[in-house]
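Inspection log for the structure reproduced underneath, given as structure tokens.
Residue numbers (my numbering): 175 to 359.
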């Protein structure tokens, strides 16, 4: 576990994971998300994701739902973020886990009144987090998969694995056609 970081998991029933914003980063975060789902099988895990990465999580084992983060769009600007914060507040999450390092990510869960907020203490957002994980140089320079896994380990859960995509059985023929077209089928 990270030095001086208390695990936030005790009594947690509803977890919000703020996804990375870009497809490649979201794929690299899959082992970390799987570690949370596998390490806390009784918890209801929800991912908040930009629409262009949300489909990556639709067939993900252990996830209960994906909430689209529509910014730009319905959640853009001050009013939109406030509206999303209120929607999140209504869902009564116990913990928000932030994969992006952005200030905005932490601000949103703070505005939603989520009592436990965990993530890397970067980009001036440490004041908004209740469970701050420092970033050391080795982790920062390492592979993105390890960066996300280190966050989960620092919060006291076992975290390991390689990225892999799950395909919902209804979409399997489509996925097979894409692989065949790309020469991988």
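Glycine residues also receive a C-beta, built at the ideal position from the N, C-alpha and C atoms. In this text the structure is predicted, and so the values were computed from the model without any measurement.
Within 10 angstroms of its Cβ, does residue i collect 16 or more other Cβ (buried), or is it exposed?
i           : result
residue 197 : exposed
residue 283 : buried
residue 190 : buried
residue 353 : exposed
residue 298 : exposed
residue 316 : exposed
residue 301 : exposed
residue 321 : buried
residue 325 : buried
residue 356 : exposed
Work out the CA separation of residue j and residue i for me, nearest whole Å.
i           : j           : result
residue 193 : residue 208 : 13 Å
residue 233 : residue 313 : 29 Å
residue 277 : residue 238 : 26 Å
residue 272 : residue 223 : 11 Å
residue 338 : residue 318 : 14 Å
residue 248 : residue 254 : 6 Å
residue 175 : residue 211 : With a pLDDT of 48 at residue 175, under the threshold of 50, the modelled position of that residue is not reliable, and no figure is offered here.
residue 441 : residue 275 : No statement about residue 441 is possible, as the shown extent of the chain runs from 175 to 359 and does not include it.
residue 351 : residue 229 : 18 Å
residue 186 : residue 344 : 32 Å
residue 246 : residue 327 : 33 Å
residue 217 : residue 182 : 13 Å
residue 348 : residue 287 : 41 Å
residue 225 : residue 279 : 16 Å
Relative to the C-alpha of residue i, which residue among the options is closest?
i           : options               : result
residue 213 : 200, 195, 229 and 184 : 184
residue 202 : 220, 227 and 218      : 227
residue 268 : 329, 236 and 219      : 219
residue 330 : 351, 235 and 293      : 293
residue 243 : 343, 235 and 256      : 256
residue 264 : 278, 188, 300 and 236 : 188
residue 308 : 318, 301 and 296      : 296
residue 262 : 247, 240, 246 and 274 : 240
residue 199 : 231, 254, 211 and 217 : 231
residue 259 : 246, 279, 285 and 245 : 285
Using C-beta distances below 6 Å, list every residue in its chain close to residue i, excluding the 5 sequence neighbours before and after it, in chain order.
i           : result
residue 304 : 290 and 291
Could you name the residues of the same chain whose beta carbon sits closer than 7 Å to that of residue i, not counting the 5 residues immediately before and after it, in chain order?
i           : result
residue 311 : none
residue 180 : 305
residue 251 : none
residue 342 : 232 and 233
Which residues in the same chain have their Cβ closer than 8 Å to the Cβ of residue i, if we skip the five residues on either side of it in sequence?
i           : result
residue 323 : 205, 206, 209, 333, 334 and 335
residue 215 : 236
residue 340 : 233, 234 and 235
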